[in-house]
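Note sheet for the following structure.
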Amino acid sequence: MVGFAPPARALWVGVAVVGLLLWSGLFTVLTLRPEPRPWLYAGDVAVVLVLCLAQGNLVPAEVLGASAGSGWIDVVAGTGVFIAQFMLRQPLAMAAAIAIAAAHAVGAGLREASVVLVLQGLLAAAVMILLRRGARRADFALSEEASARASCGPGPPPAPTNCPAAAVARHLARHAHHGGHRQHHP
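Here this note's numbering is used: position 140 in the sequence shown is 161, and no number is missing along the way.
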């Protein structure tokens with residue numbers, strides 16, 4: 022069995038896999054609940070750190086030597102980096118990615134897979150920054166439009182020409198929608 026070739030130890034692998042499955046189940050159930058749980062995401066980083074540090078006992082030497090990011094710990098580490106970026110705020114999220122990459126390098130030796138983990142963290146962080154910025158702009162535009170409609174008084178929504186505040190709100194919404202840049206149309 023390649024999965025248990027030296028230096029992987031069957032007992033270590035068995036305990037790690039069962040522990041990871043139990044953690045994954047708990048993590049999934051708690052993540053699907055509506056309240057935020059920062060401790061849960063920090064706990065996930067801790068689980069990934071422990072697995073990365075122990076990979077010398079969990080992964081066969083051929084996989085460790087391949088340095089292609091193809092071992093099961095590599096997959097767990099990559100997933101941990103993405104979860105940290107999506108669930109934690111910066112700079113804590115990027116610190117988690119760097120810690121995971123460092124633990125990966127300590128547990129298996131410095132390989133390109135450890136560097137790729139940092140790059141994954143940077144790219145996922147950039148995506149999350151853009152998504153959060155876009156969400157804030159959309160929230161602002163919707164809030165401004167709601168305020169403008171409310172200032173036009175009770176009753177049905179006014180026609181665009183009957184309420185200047187609504188026209189201003191629509192302009193702000195269009196402006197926010199286009200990323201804060203003016204759009205010139207011929």
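We put the beta carbon where it would ideally sit given N, CA and C, even for glycine.
- Put simply, of 42, 44 and 134 the residue whose alpha carbon is nearest the alpha carbon of residue 121 is 134.
- Across the set 114, 95, 167 and 47, the C-alpha of 95 shows the shortest separation from the C-alpha of residue 79.
- In this structure, residue 116 lies away from residue 142, with their beta-carbon atoms at least 7 Å apart.
- Closest in C-alpha terms to residue 109, from the list 93, 70 and 149, comes 149.
- In terms of Cβ geometry, residue 82 and residue 125 do not form a close pair [threshold 7 Å].
- Runs of the alpha helix (DSSP H) spanning 4 or more residues and lying entirely within the stretch 98-165 occur at 113-129, in chain order.
- For residue 40, the enclosing alpha helix (DSSP H) begins and ends at 31-52.
- Under the three-state reduction of DSSP, residue 92 is assigned to coil, being neither helix nor strand.
- Taking C-beta atoms as the reference points, residue 73 and residue 35 fail to come closer than 7 Å.
- Rounded to whole angstroms, residue 87 and residue 56 show a C-alpha spacing of 41 Å.
- Counting C-beta atoms within 10 angstroms of its own C-beta, residue 46 has fewer than 16 neighbours from the protein chains shown and is therefore classed as exposed.
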